[in-house]
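Enquirer:
Numbering (this note's numbering), first residue to last: 260 to 459.
Below you can see the structure in the form of structure tokens.
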């Protein structure tokens, strides 16, 4: 956790107040695991920030100016940059859950980290080898409860069911089955997808 904490402390020190401080930063992706798991550091290249309803253009602009890519000094010092992700893009329930990050006290920001179950759900969209590694890290630390994972998956599927993304959900379900079998070593849960998400 020390390296990612150093990144946020450095960002906090460079921040020029815009009058809306402290600003909520809702962290997703593997960075959210690092904020909640001591000793977990897979060398991620970025710290994804979910664009929240509280976000303002002047906030996003300064975040990008200070830490928006790998050419910024902050990345060269701490190996993180900030990728602002629009709220509608990740495979997540309508109301994702974020946890406080104990021990990370900043002047200009309040950093929260995506709940482990929602982290795992979000990673079912692409499910690359590194996503599998992240989910396994959560499971190995006792942070991933099967029943809650399934519940949050269904809520995310319900959110995606209202538009063209519904056709992608069966693929995410296949990835959930891989997690159940290969990582959690449990019987696949019985679940009913929203009708719009059922494969043809």
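A virtual CB, placed ideally from N, CA and C, is assigned to each residue, including glycine.
Less than 6 Å between C-beta atoms, sequence neighbours within five positions excluded: which residues of the same chain meet that for residue 287?
Expert: If we look at residue 287 and ignore the five residues flanking it on each side, its Cβ neighbours are 307, 309 and 373.
Enquirer: Three-state secondary structure (DSSP) at residue 341?
Expert: Reduced to three states, the DSSP call for residue 341 is strand.
Enquirer: Taking 8 Å as the cut-off, decide whether the C-beta atoms of residue 350 and residue 380 are in contact.
Expert: Yes; because the gap between Cβ atoms is below 8 Å, this pair is in contact.
Enquirer: Nearest by alpha-carbon distance to residue 337: which of 401, 296, 268 and 317 is it?
Expert: Taking only the C-alpha atoms, the option nearest residue 337 is 268.
Enquirer: Rounded to a whole number of angstroms, what is the C-alpha to C-alpha distance between residue 395 and residue 386?
Expert: Residue 395 and residue 386: Cα-Cα distance of roughly 12 Å.
Enquirer: Would you report the Cα separation of residue 371 and residue 409, rounded to the nearest angstrom?
Expert: Each residue's alpha carbon lies about 23 Å from the other.
Enquirer: Is the shortest distance between the beta-carbon of residue 376 and the beta-carbons of chain B less than 8 Å?
Expert: Protein chains in the displayed structure number just one, and chain B is not present.
Enquirer: Would you report the Cα separation of residue 274 and residue 293, rounded to the nearest angstrom?
Expert: Rounded to the nearest angstrom, the two C-alpha atoms are 23 Å apart.
Enquirer: Return helix, strand or coil for residue 283, following the three-state DSSP convention.
Expert: Residue state, collapsed to three classes: strand.
Enquirer: For residue 306, does the three-state DSSP call read helix, strand or coil?
Expert: Residue 306: strand per DSSP, three-state reduction.
Enquirer: Distance, Cα to Cα, residue 361 vs residue 401?
Expert: Their Cα atoms are separated by approximately 18 Å.
Enquirer: Note down the Cα distance separating residue 328 from residue 449, rounded to an integer number of angstroms.
Expert: Approximately 42 Å between the Cα atoms of the pair.
Enquirer: Can you give me the Cβ contacts of residue 407 inside the same chain, cut-off strictly under 6 Å, excluding the 5 residues immediately before and after it?
Expert: Here the set comprises 376.
Enquirer: Could you please give me the residues that DSSP links to residue 357 through a beta bridge?
Expert: Answer is 373.
Enquirer: Would you grab the beta carbon distance between residue 353 and residue 440 for me? Rounded to a whole angstrom, and I think it's under 8 Å.
Expert: No, residue 353 and residue 440 are not in contact; Cβ-Cβ is about 28 Å, not under 8 Å.
Enquirer: Quick one: Cα of residue 453 to Cα of residue 271, how far?
Expert: Between residue 453 and residue 271, the C-alpha separation is close to 43 Å.
Enquirer: Which residues in the same chain as residue 340 place their Cβ atom closer than 8 Å to its Cβ, once the five residues preceding and following it in sequence are excluded?
Expert: Here the set comprises 304, 305, 306, 326, 327, 328, 329, 331, 333 and 334.
Enquirer: For residue 350, does the three-state DSSP call read helix, strand or coil?
Expert: Here residue 350 sits in coil by DSSP.
Enquirer: From what residue to what residue does the alpha helix (DSSP H) around residue 388 run?
Expert: Counting along the chain, the alpha helix (DSSP H) containing residue 388 begins and ends at 388-399.
Enquirer: Would residue 384 and residue 393 qualify as a contact pair, given that the criterion is a beta-carbon distance under 8 Å?
Expert: Not in contact: residue 384 and residue 393 (Cβ atoms no closer than 8 Å).
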